[in-house]
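Residue numbers (my numbering): 13 to 423.
Each remark here refers to the structure printed beneath this line.
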């Protein structure tokens with residue numbers, strides 16, 4: 013009997029504690045707030061959804077500019093001229109098609125929607141100069157803001173080396189003409205820098221800490237409709253599995269994960285016109301891994317309820333099911349040089365074993381791939397990029413469950 017007890021005690025000591033946690037995230041009446049959430053630490057920040065109108069990428073290698081579609085900020089391209097025609101903007105007969113943020117990639121904001129396919133110099137709002145590394149604005153946009161207020165708006169330039177944006181806006185009649193210079197290097201640990209045109213001020217919207225999930229309202233052009241749902245941060249990968257037992261299923265596949273920012277999205281719920289309540293899918297789970305965070309653990313989440321606009325409460329269960337960071341005690345190293353590069357890049361890293369190196373263009377499409385077996389320690393791989401068009405790219409190095417991504421510029 014004593015030996016059986018000892019055996020059971022040993023089992024308890026060596027078996028990892030797996031626990032599920034029930035969570036309520038509250039966005040407020042009429043979804044007034046958006047909530048930034050860490051799977052490890054819980055709610056990091058609750059911020060008013062209507063506090064900002066536009067947002068600029070903080071990363072010097074990014075040219076993305078977002079519109080606050082969640083508050084129905086509308087972005088239209090003025091088709092009658094270029095940025096040089098700022099003084100003569102006329103919106104008579106305005107009946108243009110609005111543009112929206114991508115729900116697949118944070119790098120494609122509403123203001124990037126006009127980017128010419130196949131032209132690596134064209135970023136929608138402006139054109140890249142490979143000599144000066146400046147993207148010069150070439151477009152005028154008409155913005156419809158809250159309270160039915162309209163503004164004309166232009167991104168004058170982004171200086172890539174200095175990581176400095178310049179933009180301007182004014183009333184349609186030219187009054188209240190304002191030019192703003194934004195030094196993005198002053199904003200650390202944030203993906204985007206938010207600005208309220210209505211209030212003429214920058215807004216601290218995101219938390220300083222690393223987040224994985226954003227509970228918010230956004231425009232889903234695939235429906236098309238405004239929806240409430242969950243978006244994921246850049247570098248967060250998700251696998252959706254349907255038709256399973258939510259409480260017990262935990263067979264994730266890292267290879268099946270993708271980084272579409274709306275992979276969780278809104279379709280785990282549907283509005284029941286009979287009960288006037290939301291029905292929640294009871295056989296869908298999501299596996300989530302933050303490949304850019306300090307902890308690359310894999311979490312399982314599934315939803316159990318949604319209150320609707322009364323309180324804007326999302327109810328879900330979370331459980332850590334994958335590696336707990338034992339393999340990530342020291343962060344993986346990854347460097348690319350030269351940067352900018354012309355004909356080739358050197359990828360310096362400390363990934364080992366079966367290693368895959370993939371180069372992606374600004375649209376997230378793979379354009380170059382290399383597979384190799386590496387030893388422990390620092391490794392160097394040389395990639396020929398001479399055939400790639402000039403522009404911005406990302407290099408992703410992966411081995412097993414470990415990933416890291418850096419950006420570089422092709423001159």
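We put the CB at the ideal spot given by N, CA and C, even for glycine.
Keep in mind the model is a prediction, meaning the values are calculated, not measured.
Keeping to the same chain, check which residues put their C-beta closer than 8 Å to that of residue 349; ignore five residues upstream and five downstream.
-> For the purposes of this step, residue 349 is taken as the residue at position 337 of the chain shown. Non-local C-beta neighbours of residue 349 in its own chain, meaning closer than 8 Å and more than five positions away in sequence, comprise 357, 358 and 360, ordered along the chain.
Determine the DSSP secondary structure at residue 342, reduced to helix, strand or coil.
-> Looking up residue 342 in the chain shown gives position 330. Because the pLDDT at residue 342 is just 44, under 50, the model does not fix this residue reliably, and the value given afterwards should be weighed accordingly. Residue 342 sits in coil when the DSSP states are folded into three classes, being neither helix nor strand.
If you draw a straight line from the C-alpha of residue 209 to the C-alpha of residue 63, how long is it?
-> The count along the chain shown starts at 1 and reaches residue 209 at position 197. The count along the chain shown starts at 1 and reaches residue 63 at position 51. Rounded to whole angstroms, residue 209 to residue 63 spans 10 Å at the Cα level.
Looking at the structure shown, is residue 96 part of a helix, part of a strand, or coil, going by DSSP?
-> Within the chain shown, residue 96 is the residue found at index 84, counting from 1. DSSP places residue 96 in helix when its eight states are reduced to three.
Can you list, in chain order, the residues of its chain whose CB lies under 6 Å from that of residue 121, leaving out five sequence neighbours each side?
-> Locating residue 121 in the chain shown gives position 109, counting from the first residue. Apart from the 5 residues on each side of it in sequence, residue 121 sits with its Cβ closer than 6 Å to the Cβ of 76, 77, 78 and 113 in its chain, given in chain order.
Looking at the structure shown, is residue 82 part of a helix, part of a strand, or coil, going by DSSP?
-> As a first step, residue 82 is located in the chain shown; it is residue number 70 there, counting from the start. Judged by DSSP in its simplified three-state form, residue 82 adopts helix.
Under 6 Å Cβ to Cβ from residue 291, same chain only, skipping five residues before and after it: list those, please.
-> Indexing the chain shown from 1 puts residue 291 at position 279. Around residue 291: 282 and 284.
CB contact flag (residue 252, residue 298, <8 Å) | Counted from its first residue, the chain shown places residue 252 at position 240. Counted from its first residue, the chain shown places residue 298 at position 286. Their beta carbons are under 8 Å apart, which means residue 252 touches residue 298 by this criterion.
Mark residue 274 as exposed unless 16 or more other C-beta atoms lie within 10 angstroms of its C-beta, in which case mark it buried.
-> The residue you call residue 274 lines up with position 262 of the chain shown. Answer is buried; the Cβ neighbour count reaches 16.
Who are residue 384's beta bridge partners in DSSP?
-> Residue 384 sits at position 372 when you count from the first residue of the chain shown. Beta-bridge analysis with DSSP links residue 384 to 367.
By a C-beta neighbour count over all protein chains shown, 10 Å radius and 16 as the cutoff for buried, is residue 387 buried or exposed?
-> Along the chain shown, read from residue 1 onward, the residue named residue 387 stands at position 375. When all chains shown are included, residue 387 counts as exposed.
According to DSSP, is residue 160 helix, strand or coil?
-> One-based indexing of the chain shown puts residue 160 at position 148. Annotated three-state conformation of residue 160 is helix, per DSSP.
List the endpoints of the continuous beta strand (DSSP E) containing residue 419.
-> The count along the chain shown starts at 1 and reaches residue 419 at position 407. First-last of the beta strand (DSSP E) with residue 419: 414-422.
Nearest to residue 86 by CA position, among 162, 373 and 57, is which residue?
-> Translated into positions along the chain shown, residue 86 becomes position 74. Cα-wise, what sits closest to residue 86 is 162.
Straight-line CA distance for residue 136 to residue 153?
-> For the purposes of this step, residue 136 is identified with residue 124 of the chain shown, where counting begins at 1. For the purposes of this step, residue 153 is identified with residue 141 of the chain shown, where counting begins at 1. Rounded to the nearest angstrom, the two C-alpha atoms are 11 Å apart.
Which whole-angstrom value describes the C-beta separation of residue 70 and residue 233, a residue pair presumed to lie in contact below a C-beta threshold of 8 Å?
-> For the purposes of this step, residue 70 is identified with residue 58 of the chain shown, where counting begins at 1. For the purposes of this step, residue 233 is identified with residue 221 of the chain shown, where counting begins at 1. About 25 Å separates the two Cβ atoms, so there is no contact after all.
How many whole angstroms separate the CB atoms of residue 164 and residue 184, which I take to be in contact at a CB cut-off of 8 Å?
-> Indexing the chain shown from 1 puts residue 164 at position 152. Indexing the chain shown from 1 puts residue 184 at position 172. Going by Cβ atoms, the distance from residue 164 to residue 184 rounds to 6 Å, so yes, they are a contact pair.
Quick one: Cα of residue 351 to Cα of residue 407, how far?
-> Sequence index remark: in the chain shown, residue 351 carries index 339 (1-based). Sequence index remark: in the chain shown, residue 407 carries index 395 (1-based). Each residue's Cα considered, the two are about 12 Å apart.
Is the distance from the Cβ of residue 95 to the Cβ of residue 151 below 8 Å?
-> Counted from its first residue, the chain shown places residue 95 at position 83. Counted from its first residue, the chain shown places residue 151 at position 139. Taking a C-beta distance under 8 Å as the contact criterion, residue 95 and residue 151 qualify as a contact pair.
How about the region 165-174 and the region 134-149: do they share at least three Cβ pairs that are nearer than 8 Å?
-> With the cut-off at 8 Å, the region 165-174 and the region 134-149 touch.
Between the region 207-226 and the region 40-49, are three or more C-beta pairs nearer than 8 Å?
-> Judged by Cβ distances under 8 Å, the region 207-226 makes contact with the region 40-49, as three or more pairs qualify.
Contacting residues, own chain, Cβ-Cβ under 8 Å from residue 423 (five flanking each side not counted) = In the chain shown, counting from the first residue as 1, residue 423 sits at position 411. Annotation for residue 423: 142, 352, 353, 354 and 402 place their beta carbon closer than 8 Å to its own, counting only its chain and skipping 5 residues before and after.
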